[in-house]
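What follows is a single structure, written as structure tokens, with notes after it.
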């Protein structure tokens, strides 16, 4: 049940964030769907390659592909609804996808009996993988490489899940909400890991 809920939350959220980026970059309809699909499923593919799960399992997710398609179509049919708030919508849906997929990746690796560091890596790659692919295809610098806190939240998820601190469904749902809130707060208050504040410009 939890696994399905995380997919239902994460895949449409990332699909929408990819579609909105496509709108912002003025991609055509085909580009919108391509960017949305790779954002929604890219992290899961990277995770499967990492921990030895067949990538072909992706083709068994017909219902989730349909959910992603519907989510992207809503964005495509009503592009002006997002208007000048594109960046805020992108950040919100990206935060939801980051949190749900980070938890999913951590659970996947943890249930397979992998050690803590693998659980953390699986959480990070599942949470950020689709967003990194999206940004690269859109010609943007990936959020993980900018001076803002991004992957740190997936590391936190990996530690909580991999160490067994949070295992119940209620705890995991709570963690999902907390990570979304922390991600949005980090954007609003510009929390970052920059090491260049006092670095002299060339």
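In the numbering used here, the protein residues as written are 236 to 437. Heads up, the beta-carbon is just placed ideally off N, CA and C, and yes, glycines get one too.
task: Could you tell me which uninterrupted alpha helix (DSSP H) segments, each at least 4 residues in length, are contained entirely in the segment 400 to 430, listed from first to last along the chain?
output: 404 to 423
message: Rounding to the nearest angstrom, what Cα-Cα distance links residue 327 and residue 367 in this structure?
response: As a working mapping, residue 327 is identified with position 92 in the chain shown. As a working mapping, residue 367 is identified with position 132 in the chain shown. The straight-line gap from Cα to Cα measures roughly 16 Å.
- prompt: How far does the alpha helix (DSSP H) with residue 370 in it reach, from first residue to last?
  reply: Locating residue 370 in the chain shown gives position 135, where the first residue counts as 1. Taken as a continuous stretch (DSSP letters only), the alpha helix (DSSP H) holding residue 370 covers 351 to 372.
- prompt: So is residue 352 buried or exposed if we call it buried at 16+ other beta carbons inside 10 Å?
  reply: In the chain shown, the residue the question calls residue 352 occupies position 117. So residue 352 counts as exposed.
message: Please classify residue 283 as buried or exposed, where buried requires at least 16 neighbouring CB atoms within 10 angstroms.
response: The sequence position of residue 283 within the chain shown is 48, counting from 1. When all chains shown are included, residue 283 counts as buried.
- prompt: Considering only residues of the same chain and omitting the five flanking positions on each side of residue 329, which have a CB-CB separation below 7 Å?
  reply: Translated into positions along the chain shown, residue 329 becomes position 94. Leaving aside the five residues that flank residue 329 on each side, the residues in its chain whose CB is nearer than 7 Å to its CB run, in chain order, 252 and 366.
- prompt: Does the Cβ-Cβ distance between residue 325 and residue 255 come in under 8 Å?
  reply: Reading the chain shown from its first residue, position 90 is the one you call residue 325. Reading the chain shown from its first residue, position 20 is the one you call residue 255. In contact: residue 325 and residue 255 (Cβ atoms closer than 8 Å).
- prompt: Under 8 Å between the Cβ atoms of residue 390 and residue 359?
  reply: Position 155 of the chain shown, counted from the start, is the residue given in the question as residue 390. Position 124 of the chain shown, counted from the start, is the residue given in the question as residue 359. Going by C-beta atoms, residue 390 is nearer than 8 Å to residue 359.
- prompt: In or out: residue 437 buried (at least 16 other Cβ within 10 Å) or exposed?
  reply: Along the chain shown, read from residue 1 onward, the residue named residue 437 stands at position 202. Because residue 437 sits at a pLDDT of 46, beneath the cut-off of 50, its placement in the model cannot be relied upon, and the following sentence gives the value as read from the coordinates. Answer is exposed; the Cβ neighbour count stays below 16.
query: For the putative contact between residue 276 and residue 293, defined by C-beta atoms under 8 Å, what is the C-beta separation to the nearest angstrom?
result: Walking along the chain shown from the start, residue 276 turns up at place 41. Walking along the chain shown from the start, residue 293 turns up at place 58. That pair is a contact at about 6 Å.
message: Let me confirm a value: residue 424 is counted as buried when at least 16 other C-beta atoms fall within 10 Å, else exposed. Which label applies?
response: Locating residue 424 in the chain shown gives position 189, where the first residue counts as 1. Residue 424 should be labelled exposed.
- prompt: For residue 235, does the three-state DSSP call read helix, strand or coil?
  reply: Here the chain covers residues 236 to 437 and nothing more, so residue 235 does not appear.
Continuous alpha helix (DSSP H) stretch holding residue 310: start and end: For this step, residue 310 is matched to residue 75 along the chain shown. Counting along the chain, the alpha helix (DSSP H) containing residue 310 begins and ends at 297 to 312.
- prompt: Using DSSP with H/G/I as helix, E/B as strand and the rest coil, what is residue 247?
  reply: Start at 1 with the first residue of the chain shown, and residue 247 comes out as number 12. The answer is helix: DSSP assigns residue 247 an H, G or I state.
field: residue 376 in three-state terms, based on DSSP
entry: The residue given as residue 376 occupies position 141 in the chain shown. Coil.
query: For residue 239, which of helix, strand or coil comes out of DSSP?
result: Position 4 of the chain shown holds residue 239. Here residue 239 sits in helix by DSSP.
- request: Pull up the distance between the alpha-carbon of residue 344 and that of residue 400, whole angstroms please.
  value: In the chain shown, counting from the first residue as 1, residue 344 sits at position 109. In the chain shown, counting from the first residue as 1, residue 400 sits at position 165. Cα to Cα, residue 344 sits roughly 15 Å from residue 400.
message: In this structure, how does DSSP classify residue 437 when only helix, strand and coil are distinguished?
response: Translated into the one-based positions of the chain shown, residue 437 becomes position 202. Residue placement at residue 437 cannot be trusted, given a pLDDT of 46 that sits under 50; what the coordinates show is reported in the next sentence. In the three-state scheme derived from DSSP, where H, G and I count as helix and E and B as strand, residue 437 is classed as coil.
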